[in-house]
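Going left to right, the sequence shown walks through residues -17 to 527 as my numbering numbers them.
Glycine is no exception: its CB is placed at the ideal position from the N, C-alpha and C atoms.
Please read all numbers here as calculations on a predicted model, not as lab measurements.
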Amino acid sequence: MCGIVGYTGMRAAAPILIGALKDLEYRGYDSAGIALMAGAGGTGAISITKREGRIANLEAAVASAEVDGATVGIGHTRWATHGKPSDTNAHPHDGCGKGVVVIHNGIVENYATLREELLRQGHEFQSETDSETIVHLLEEQLEAGDDLLVALRTVSARLEGSQAIVAMSPSEPGTLVAARVGNAGGVVIGYGEGEMFVASDLAAVLPHTHEVAFLADGQLARVRATGPEYCLADGAAVTVERRVLALDAGAATQGAYPHFMLKEIMEQPEALSDTIRSLVTAEPPEVHLPDAPDVETRLASIDRVVLIGMGTSLNAAMIGRSYIEHFAGIPAETDNASEFRYRDAVLNERTLVVSVSQSGETVDVLEAMHQAKEAGALQVTICNTEGAQTARVADGAIYTRAGLERGVASTKCFTTAVCALYALALKLGQVRGRLSVADLRQHITGMLRVPEAVGRMLAGEVIPRDVVERVAARSDMLFLGRGLELPVALEGALKMKEISYIHAEGYAAGEMKHGPIALIDAGYPVVAIATEHGLRSKMVSNIQQ
Ligand code: GLU
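Next comes the structure, spelled out in structure tokens:
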């Protein structure tokens, strides 16, 4: 979840890039860097300045460097996934120093194989990042005679995972090239007067222009001060719609979607990517709880976990309970916060209370948390709003990075909360010595693949229209699940009631013969959730019944 920006025009590039990185700092801030192409319009060599820490460190370094006159450049604010935060691991990367430089958002999942191949070819790596493989691959293509865009097309095709890449090279003065591969990271192109911008987010572009175009998965751009050219991975030219955004553009507008809920469903790949990457690094495999340092140090003394929430958050908490039992082997239970606060719940300082609340302002959750505090329990909250009340009451917070959620029925906040709970469960498993480094690496690698998988699913046709029409005519329906899918079934039923006003119940599939099966007649809509897991064959029997 890094921030990316590029500028080509006739204004001084350094202050524009630094300003944009400040606007992007919320995405990641362990280190930052810029690369500038010398000379007005970009005629000369490229110089890189990068620093560990906040943008202010980079700003100070840039102020003392000789960067006068550069009007073309790229900048990056990093949130490390591969390789610790350091000056060397910060982007941009210049590989073997042959001129071409790269900034990257995402994860090159096959970086280890590519790195070995490049080392055999004589490339020398400076950093521990997955990203550096991209610049070495570009060097190979440029040496073979490709222009920068063709080189990026060829290289992109070799990368596994979701990425956004921007590169520039002295061989093509004043030119930036960009690629979007996969669903998890966006690329926005900003059109100015005699100048152009490239960025990961609107936030970096909006101070300069409201005329923008968004690259779709598999699209590339060559951007010069005079304008962009767009193409697909196979080189075919493509038209990317150029739009003028209203002044309140960004998260608060529905954009092309008929309603916020659909917009937010479609935003899941990015929300998940931002959340997951704020909590884990793949190499070294680690879970970070940056907003819960006190909780981290006390986790080893915990012997019980109580998860509380309401509605969708409670369903997420139920999934979290399974993760915690599975990875950490600690007794865990869930409760509705409004029930919890009125029963005589037994808690002590060895209990970890995990509250889940999208807004961090849910009254019943806050009341329950105050009670837990009196009992001396350790508390962590999972919420989507920095500095919210639950975060102030708890000993620490695990923030989901879903962005603004306007839809009344929570969507991206549900799935990101599930990811945050997964990270917490891994942390507990690690602290309690139940997970080896190899286990952790495997689970984190899997977790980092989720945004891309969700993106692929959302890109397909999810539910056939005729099924929707048949269900819409009914007044009741049933959602069945087992194991991790029981909370998903409960969540499905909750959504159906809230959004469609169709009475729906979520049930443990094994419970079906103890009552609800009596309701089922011909044409009664039943949604059975049966993914690939140990309970699938049992679920299939329930479906047959
Ligand atoms: N995977 C890259 C790295 O660790 C990019 C991280 C980011 O997107 O900030 O450097």
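For this session: Just tell me which of Q145, V90 and V84 has its CA closest to the CA of E121.
Result: Selected option, being the one with the closest Cα: V84.
Problem set entry | Three-state class that DSSP yields for E110 in the structure shown | Looking at E110 - three-state DSSP - the assignment turns out to be coil, as it is neither helix nor strand.
For this session: Compare the C-alpha of S68 against each of S320, R33 and T363 and name the closest.
Result: When each option's Cα is compared against that of S68, the closest is R33.
Exercise. When you compare only the Cα positions, how much space is there between V400 and A350?
Worked result: V400 and A350 have their C-alpha atoms spaced approximately 21 Å apart.
Problem set entry | Close beta carbons around L214, own chain, < 7 Å, minus the five adjacent residues each side | Excluding the 5 residues flanking it on each side, L214 has same chain C-beta neighbours closer than 7 Å at G200, Q201 and V220, in chain order.
Exercise. With 16 as the cutoff for other CB atoms within 10 Å, does H73 come out buried or exposed?
Worked result: With 16 or more Cβ atoms within 10 Å of its Cβ, H73 is classed as buried.
Problem set entry | the ligand GLU heavy atom lying under 8 Å from the CB of E427 | First, the amino acid is wrong: residue 427 is Thr here, not Glu. No, since every heavy atom of the ligand GLU falls outside the 8 Å radius drawn around the Cβ of T427.
Problem set entry | Extent of the continuous alpha helix (DSSP H) to which Q145 belongs | According to the DSSP assignment, Q145 belongs to no alpha helix (DSSP H) but to the beta strand (DSSP E) extending over Q145 to M150.
Exercise. Beta-carbon separation of G537 and S260 under 9 Å?
Worked result: Lying before the first or after the last residue shown, residue 537 is absent from the chain, which here runs from -17 to 527.
For this session: Check whether the Cβ of C(-16) lies closer than 8 Å to any heavy atom of the ligand GLU, and answer yes or no.
Result: At least one heavy atom of the ligand GLU falls within 8 Å of the beta-carbon of C(-16).
For this session: Name, in chain order, the residues that DSSP records as bridge partners for K32.
Result: DSSP, once it has assigned bridges, lists G15 as partnering K32.
Problem set entry | Residue of E142, G291 and H308 minimising C-alpha distance to T316 | Among E142, G291 and H308, the Cα nearest to that of T316 belongs to G291.
Problem set entry | DSSP bridge partner residues for Y381 (one or two, in chain order) | DSSP, once it has assigned bridges, lists C365 as partnering Y381.
Problem set entry | Opening and closing residue of the alpha helix (DSSP H) in which T398 lies | Where T398 is concerned, the enclosing alpha helix (DSSP H) stretches over K394 to V413.
Problem set entry | Exposed unless 16 or more other CB atoms sit within 10 angstroms - verdict on H485 | Label assigned to H485: exposed.
For this session: Starting from S337, follow the beta strand (DSSP E) in both directions and report where the run begins and ends.
Result: T333 to V338 is the span of the beta strand (DSSP E), which, as asked, contains S337.
Exercise. Which residues bound the beta strand (DSSP E) around G1?
Worked result: From DSSP, G1 is part of no beta strand (DSSP E) but of the alpha helix (DSSP H) over A(-5) to L6.
For this session: Return the chain-ordered ranges of every alpha helix (DSSP H) run that is complete within the segment 204 to 290 and spans a minimum of 4 residues.
Result: Under the rule that a run must span 4 or more residues, the alpha helix (DSSP H) segments found entirely inside the segment 204 to 290 read 242 to 248, 250 to 261 and 275 to 280.
Problem set entry | L410 to V277 span [Cα, whole Å] | In a straight line, the C-alpha of L410 is about 11 Å away from that of V277.
Exercise. Among A264, E467, E434 and T(-10), which has the Cα closest to the Cα of E175?
Worked result: Nearest to E175 by alpha-carbon distance, out of A264, E467, E434 and T(-10), is T(-10).
For this session: Grab me the residues of A231's own chain with a C-beta within less than 7 Å of its C-beta, minus the 5 sequence neighbours each way, in chain order.
Result: At A231, the pLDDT of 45 sits below 50, so the modelled position is not reliable; the number obtained from the coordinates is stated separately. Scanning its chain for C-beta atoms nearer than 7 Å, with the 5 sequence neighbours on each side dropped, one finds around A231 the residues L184, L188 and H192, in chain order.
Exercise. Anyone know if the C-beta pair for V362 and A376 falls short of 9 Å?
Worked result: Less than 9 Å divides the Cβ of V362 from the Cβ of A376.
Exercise. Which residues does DSSP pair with M459 in a beta bridge?
Worked result: According to DSSP, which records beta bridges pairwise, M459 is partnered with A486.
For this session: Determine the DSSP secondary structure at E154, reduced to helix, strand or coil.
Result: It is coil, neither helix nor strand.
Exercise. Going by DSSP, which residues form a beta bridge with Q527?
Worked result: For Q527, which the question treats as bridged, DSSP gives no partner whatsoever.
For this session: Could you work out which residue in G57, E7 and A253 is closest to K394 when comparing CA atoms only?
Result: Minimum Cα distance to K394 is reached at A253.
Exercise. Is DSSP giving Q103 helix, strand or coil here?
Worked result: Here Q103 sits in coil by DSSP.
Exercise. Quick one: does the C-beta of T63 sit closer than 8 Å to a heavy atom of the ligand GLU?
Worked result: Yes.
For this session: Report the option in G505, Y506, A500 and M494 whose CA atom is closest to the CA atom of V522.
Result: Minimum Cα distance to V522 is reached at M494.
For this session: Give every residue of the same chain whose Cβ lies closer than 8 Å to the Cβ of G51, excluding the five residues on either side of it in the sequence, and list them in chain order.
Result: Closer than 8 Å at the Cβ level, and outside the excluded window around G51, lie A(-6), A20, G21 and A22.
For this session: Specify the secondary structure class of M178 as computed by DSSP and reduced to three states.
Result: It is a strand residue.
Exercise. How many Å lie between P507 and S337 at the Cα?
Worked result: Distance between the alpha carbons of P507 and S337: 34 Å.
Exercise. What are the partner residues of G55, as DSSP defines its beta bridges?
Worked result: Its beta-bridge partners are Y(-11) and L18.
For this session: Tell me whether D421 counts as near the ligand GLU, meaning its Cβ is closer than 8 Å to at least one heavy atom of that ligand.
Result: No, the ligand GLU has no heavy atom inside 8 Å of this Cβ.
For this session: Would you please state the rounded distance, in angstroms, between the beta carbons of D129 and T136? I believe it to be under 8 Å.
Result: Contact between D129 and T136 does not hold, since their C-beta atoms are separated by about 11 Å, which reaches or exceeds 8 Å.
Exercise. Terminal residues of the continuous alpha helix (DSSP H) containing A126?
Worked result: A126: not part of any alpha helix (DSSP H); DSSP gives it neither H nor E.
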